[in-house]
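Asker: Before anything else, here's the structure in question.
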């Protein structure tokens, strides 16, 4: 972890470093992913099962690719009762928060018979990808499924890789069942994304595919975008803490480490106006790191993407926060709420010294699927918005069309679209 | 234009035909587009000017790539006063409609010091692509720019190709000025998309790129997705008319033709429960086609993608409408409003016999940039939503965190994220 003076040069080199972590840097995998997608599209189940044998070592067939009710019931026996209890508590908060995101159809009408509006409908079927492997994140299942559920999506399917015996992690299954997933398929990787994008004999086609995954999954999602909708393409996690001399260095250090432990590409940055705090946080980071189980990952991510930046003043610090557009932002300053109003770009904003980032990961209710790597400048957290879409509504009476029909003809003729003009004219010819 | 009985087989072959028009079918251009993007990313202005010379025949430099105030003033002299008048009238409706789409930041709080919420901010800079060539569509400029303006985007830039003398169509320039574009650059094609995605010495980087274009533009937008946000990938236009025996065959025919004239890949479909109407519409289509200036295009698009489908009953017809998920849908039946409530998937829905599709293209206010080729199942019309993004807000007091802090630790430890657990624990250790 480097301590540096905050200058435009520092920021530029930091931003260049962070962008190196972007999935779009790995175009060398694109052709391999393209091949998997084309094969699944053409050969459907047969290709999916072949890739599953190759990559996951499992023998899947149309008969055993889907998780059964019995497997779900068995999963509950393997999950700690305490975990089930917190999953259920968290789900209440996640549901409550996302219900406030609901959008409603509206219309506007006038007495001469004009109605314009916007109709909101959920998508028909959502596909949620859940990674397998060593790390298992039931919280991620809740966060990806619940917005679809609240949006009113009729069918939510999930894919997650199985082990070579065809088993899926029980905590993943329990989280899926609790969140309300309708069908679960034991497949992973680019082949699972392709199966949900185009449909196979066993896997139904989804309208939108969401969920995190490795580089193959990320590139596959990008490749199928347009055939289906996808959430934003996730990169490695980040935290940015904006703190002044009022902050508790121990809390700040602990929060920086909570993101650094995710993986070696994770980034943890402190921007502070206080040199004293900077030194104290660095000491606390070193003290904690020794005690933590994931210290090897933490050391690597801090070495590569960990920064303590000393800003000349709060305004400069805020400008930098907006330039970085971090996934997670903690504001631990005097007048933190006022500072929040000046933040333009961040995935999630945590205000005050008790709003620790993991509170948002698990419990507070807002979604933990957030735009990474500067994409908070144009992407939003995963939300109910991702699972609805809108249709414009237009209804004009004859009385409403008559005073403007010549204007429309005029416009159409200027664009040399004579059939457009004709479709208006024909209504007033008689 | 074929008249067929509506069966599941008919629908399947129709959907297969329509999908042939999708830009994702043209992957052979991908490597060419990829090369243009990489060149612009690396060599910036130099590459942009080289491609402009090659494709548009124009000699551009950093000094003349941007449209000047003088050129804008000159453009006003070349535009018919009638066109300017309808542009201004249309803009009032477009602005009024889009203002109703505005979303607001919200928060929810409780007495023990919990606040969760969602902050809405506009993106900083939008990039609008406007095609050049023979067809000039000032209405498209208005529809792409106005939602960004209403969203509160600070800077809106536009790119559009120039002719070999460096001139841009005056109607395009006037529409851009009227809608409130801040800067206009005389470049087009994949090189313009790349320039807006990565920035060059002359062209600033945009956060979101919207606007229609040819296959190179569509593929370039898909390729830069993730670096920036994009609107949905547009395919050729479509109209679907759902009509019963109460419909006026002449109006229906004219409306079908208004989309068929767009290009040879455009599609026009009538689904009706009335064999009589089907025959009458076909006769009217033939009568009108002879009279229309774009009859060659119309004939080709109707031959390939024009259908009249006779449905056994209204329910089957509605199911088919939802399966096709057309860009434009006209409902010309008895109880048209009730039928509308049963439509799940369509870009824009036009209700009743005076709600002709071109009314929506130019004048009513809703956006004419709509999801095509079945993507209305998951994409929405271009809207203010496209130019805003959201940040989650989380603020907990110590009193709020204390009763649940052990739950969060529990969850984090189940996921083996010990630094996450530590960041909560450290706050209650003392």
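Chains as they are written, first to last, in this note's numbering: chain E, 252 to 681; chain X, 252 to 681.
Built from N, CA and C at the ideal position, the CB exists for glycine as well.
Give a yes or no on whether 9 Å exceeds the smallest Cβ distance from residue 353 (chain E) to chain X.
Answerer: no
Asker: Taking only three categories from DSSP, how would you classify residue 373 (chain E)?
Answerer: strand
Asker: Assuming residue 578 (chain E) and residue 623 (chain E) make a contact with CB atoms under 8 Å, what is their CB distance in whole Å?
Answerer: 5 Å
Asker: In the DSSP assignment, find the beta strand (DSSP E) that holds residue 252 (chain X) and state where it starts and stops.
Answerer: From DSSP, residue 252 (chain X) is part of no beta strand (DSSP E); its letter is neither H nor E.
Asker: Could you check how far apart the C-beta atoms of residue 468 (chain E) and residue 288 (chain E) are, in whole angstroms? I think they sit under 8 Å.
Answerer: Not a contact, Cβ separation roughly 12 Å.
Asker: My output table needs one value for residue 513 (chain X): the three-state DSSP class, helix, strand or coil.
Answerer: coil
Asker: Tell me where the beta strand (DSSP E) around residue 489 (chain X) begins and ends.
Answerer: 489-494
Asker: Are any of the Cβ atoms in chain E nearer than 9 Å to that of residue 558 (chain X)?
Answerer: Not an interface residue.
Asker: Reducing DSSP to helix, strand and coil, say where residue 550 (chain X) ends up.
Answerer: helix
Asker: May I ask which residues mark the beginning and end of the alpha helix (DSSP H) holding residue 531 (chain E)?
Answerer: 526-542
Asker: Run down chain X in chain order and give the residues with a C-beta less than 8 Å from the C-beta of residue 380 (chain E).
Answerer: Chain X residues near residue 380 (chain E): none, gap ~16 Å exceeds 8 Å.
Asker: Of all the options X:438, X:512, X:590 and X:361, which has the alpha carbon lying nearest to the alpha carbon of residue 318 (chain X)?
Answerer: X:438
Asker: Give me the DSSP bridge partner(s) of residue 410 (chain E).
Answerer: E:380 and E:436
Asker: Measure from the C-beta of residue 253 (chain E) to each C-beta in chain X and report whether the shortest distance is under 9 Å.
Answerer: The Cβ of residue 253 (chain E) sits no closer than 9 Å to any Cβ of chain X.
Asker: According to DSSP, is residue 633 (chain E) part of a helix, a strand, or is it coil?
Answerer: coil
Asker: Indicate whether at least one CB of chain X lies closer than 9 Å to the CB of residue 331 (chain E).
Answerer: yes
Asker: Under 8 Å Cβ to Cβ from residue 603 (chain E), same chain only, skipping five residues before and after it: list those, please.
Answerer: Non-local beta-carbon contacts of residue 603 (chain E) in its own chain, meaning distances under 8 Å to residues more than five positions away in sequence, involve 582, 583 and 587 in chain order.
Asker: Are the region 483-493 of chain E and the region 416-429 of chain E touching, with three or more C-beta to C-beta distances below 8 Å?
Answerer: Short answer: they don't touch.
Asker: Going along the chain, which residues of the region 533-548 of chain X sit with their C-beta nearer than 7 Å to a C-beta in chain E?
Answerer: Only 539, 543, 544 and 545 from the region 533-548 of chain X bring a Cβ to less than 7 Å from some Cβ of chain E.
Asker: Residues of chain X with CB under 8 Å from residue 600 (chain E), in chain order?
Answerer: 370, 642, 643, 644 and 645
Asker: Three or more beta-carbon pairs under 8 Å between the region 452-461 of chain E and the region 378-393 of chain E, yes or no?
Answerer: yes
Asker: Quick one: what's residue 359 (chain X) bridged to in DSSP?
Answerer: X:367
Asker: For residue 336 (chain E), report the span of its alpha helix (DSSP H) as first-last.
Answerer: Where residue 336 (chain E) is concerned, the enclosing alpha helix (DSSP H) stretches over 332-350.
Asker: Verify whether the separation of the beta carbon atoms of residue 426 (chain X) and residue 338 (chain X) is less than 9 Å.
Answerer: yes
Asker: Would you call the CB atoms of residue 503 (chain X) and residue 543 (chain X) closer than 9 Å?
Answerer: no
Asker: Is the beta carbon of residue 445 (chain X) less than 9 Å from the beta carbon of residue 618 (chain X)?
Answerer: no
Asker: Sort E:471, E:453 and E:615 by Cα distance to residue 461 (chain E) and report the nearest one.
Answerer: E:471
Asker: Write down the C-beta distance between residue 632 (chain X) and residue 643 (chain E) rounded to the nearest angstrom, noting that I regard them as a contact closer than 8 Å.
Answerer: 5 Å
Asker: Alpha carbons only, please: which of X:306, X:540, X:680 and X:629 is nearest the one belonging to residue 674 (chain E)?
Answerer: When the alpha-carbon of residue 674 (chain E) is set against those of X:306, X:540, X:680 and X:629, the nearest one is in X:540.
Asker: Counting only beta-carbon separations shorter than 9 Å, does residue 259 (chain E) have a partner in chain X?
Answerer: Between residue 259 (chain E) and chain X, the shortest Cβ-Cβ separation is not below 9 Å.
Asker: Return the CA-CA distance between residue 567 (chain E) and residue 267 (chain E), expressed in angstroms with no decimal places.
Answerer: 19 Å
Asker: For residue 609 (chain E), go through chain X and note every residue whose CB falls closer than 7 Å to its CB, in chain order.
Answerer: Under the 7 Å cutoff, chain X gives 659, 663, 671, 674 and 675.
Asker: Looking at residue 641 (chain E): is its Cβ nearer than 9 Å to the Cβ of residue 591 (chain X)?
Answerer: no
Asker: Who pairs with residue 640 (chain X) in a beta bridge, going by DSSP?
Answerer: X:372
Asker: For a contact defined as C-beta to C-beta under 8 Å, what are the partners of residue 384 (chain X) on chain C?
Answerer: Among the protein chains of the structure shown, namely E and X, there is no chain C.
Asker: Spatial neighbours of residue 345 (chain E) within its chain, please: C-beta separation below 8 Å, excluding the five flanking residues on both sides.
Answerer: 393, 394, 397, 616 and 618
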